[in-house]
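The block underneath contains the structure these notes are about, expressed in structure tokens.
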Amino acid sequence: MRRRAGADGETNSHWQAGQFLSGLDTGFAELNNRIRGFRPGAMYVVAARPGIGKSGLALSLAVRMAQLNGRGLFWSGEMSAEELMGRVIAARVRMPLDMVLTGMNDRAGQPERISKHDMGRMVEASMALKEIPLSIDDREGITVPQLLARARQLKRSKPGLKFVVVDYMGLLRGSTVARRSGNRTLEMTEISGDLARMARELKVPVIALSQLNRQSENREDRRPVLSDLRDSGAIEQDARCVMALYREEHVLQTRMGTDGQPVRNTNETDAVYEKRRMAFLDALDRSRGKAEIIVLKNRGGRTGIVDMLFDGPTTWFRDVSAGERSDAW
Numbered sequence: 002m003r004r005r006a007g008a009d010g011e012t013n014s015h016w017q018a019g020q021f022l023s024g025l026d027t028g029f030a031e032l033n034n035r036i037r038g039f040r041p042g043a044m045y046v047v048a049a050r051p052g053i054g055k056s057g058l059a060l061s062l063a064v065r066m067a068q069l070n071g072r073g074l075f076w077s078g079e080m081s082a083e084e085l086m087g088r089v090i091a092a093r094v095r096m097p098l099d100m101v102l103t104g105m106n107d108r109a110g111q112p113e114r115i116s117k118h119d120m121g122r123m124v125e126a127s128m129a130l131k132e133i134p135l136s137i138d139d140r141e142g143i144t145v146p147q148l149l150a151r152a153r154q155l156k157r158s159k160p161g162l163k164f165v166v167v168d169y170m171g172l173l174r175g176s177t178v179a180r181r182s183g184n185r186t187l188e189m190t191e192i193s194g195d196l197a198r199m200a201r202e203l204k205v206p207v208i209a210l211s212q213l214n215r216q217s218e219n220r221e222d223r224r225p226v227l228s229d230l231r232d233s234g235a236i237e238q239d240a241r242c243v244m245a246l247y248r249e250e251h252v253l254q255t256r257m258g259t260d261g262q263p264v265r266n267t268n269e270t271d272a273v274y275e276k277r278r279m280a281f282l283d284a285l286d287r288s289r290g291k292a293e294i295i296v297l298k299n300r301g302g303r304t305g306i307v308d309m310l311f312d313g314p315t316t317w318f319r320d321v322s323a324g325e326r327s328d329a330w
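So for the sequence shown, our numbering puts the first residue at 2; every next one is plus one.
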């Protein structure tokens with residue numbers, strides 16, 4: 002068999018450098034350990050149910066990756082560039098997003114300007130953010146070819162392009178032919194294939210977000226599995242790696258009533274309900290501020306769970322080893 006010099010050279014360079022990553026540094030140590038970085042030319046999928054925080058994870062990844070690897074392109078089909086940057090600043094200064102965007106603090110229904118100290122922190126974070134090479138594209142309802150044209154432009158420019166993040170696949174539009182067919186599966190199959198081809202053409206990793214269907218919500222263990230991917234089986238086929246974001250805290254909160262207690266089952270006795278209620282609240286307490294990135298598919302690598310920390314007010318993720326008080330970026 003003819004030896005592939007490119008692959009051998011890549012392996013040898015990693016060996017010489019003692020480098021265990023085979024792709025771009027994700028910015029998170031435990032995720033690096035699991036997937037060995039985001040490989041150029043491959044598509045990675047991050048999927049979750051609504052409300053879990055997949056946009057927050059995508060932004061956390063994009064900012065950290067841009068700091069470590071160079072310029073990235075972040076496309077958002079539902080948030081403006083201003084809101085995205087506001088979220089990044091909010092994570093840095095640990096302040097609610099509305100305070101960052103308005104400069105006002107609403108305490109007990111009495112809006113007032115934030116302190117000069119807090120404003121100074123925001124300005125400092127804003128200046129630091131300008132140094133991060135991350136380009137934002139917030140055009141709504143674009144097609145993959147339109148996104149590719151922007152990516153090519155960045156790739157040709159002097160700083161180059163190291164990665165692309167897509168938030169999210171379901172908000173991209175397929176071709177006119179695919180849309181006119183009225184077949185959503187066909188449209189998503191086309192979008193998935195186009196994103197995978199974009200990764201190969203540009204020789205950069207493309208991290209694309211996707212939604213999960215409702216099947217997981219009908220199971221006792223609501224942790225996602227590959228069959229929960231929504232709209233098209235082609236997404237699983239096209240992706241080098243599929244990761245699902247899961248937060249037990251969010252799942253448990255959906256099972257609570259308006260009184261802040263777990264919903265009582267029909268014909269449940271007081272003793273049985275009280276026992277279940279105490280176990281439920283204990284599980285909720287243990288899950289606070291925690292998240293899991295479940296690696297469901299990893300071509301040529303390991304699957305499994307990567308434990309993360311999640312800050313709800315700023316929707317930001319951190320390494321467990323770094324701790325909840327560590328810098329956001």
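Glycine residues also receive a C-beta, built at the ideal position from the N, C-alpha and C atoms.
Computed from a predicted model, the values in this text were never measured in an experiment.
Taken in chain order, the complete beta strand (DSSP E) segments of 3 or more residues contained in the segment 260-328 are 291-299, 305-312, 317-320.
The segment 66-81 and the segment 227-236 do not touch, with fewer than three beta-carbon pairs separated by less than 8 Å. When C-alpha distances from Leu58 are compared across Ala43, Phe29, Pro41, Val252, the shortest belongs to Phe29.
The C-beta separation of Val166 from Leu130 comes to about 16 Å, leaving the pair out of contact by the 8 Å criterion. Scanning Leu285, Glu191, Gln262 for the CA closest to the CA of Glu275 turns up Gln262.
Assigned with DSSP and collapsed to three states, Arg256 falls in coil, not helix or strand. Shown here, Ala152 sits in a helix according to DSSP, grouped into three states. Proximity to Val207 across Ala63, Ile306, Thr304 peaks at Ala63, based on C-alpha coordinates. The three-state secondary structure of Asn34, taken from DSSP, is helix. Annotation: the continuous beta strand (DSSP E) that includes Val165 extends over 164-168. No Cβ-Cβ contact shorter than 8 Å links Arg220 with Tyr247. About 6 Å separates the Cβ atoms of Leu85 and Ile137, confirming a contact at the 8 Å cut-off.
Ser23 places its beta carbon less than 8 Å from that of Gly38.
Around the beta carbon of Met170, a 10 Å sphere encloses 16 or more other beta carbons of the protein chains shown; the residue is thus reported as buried.
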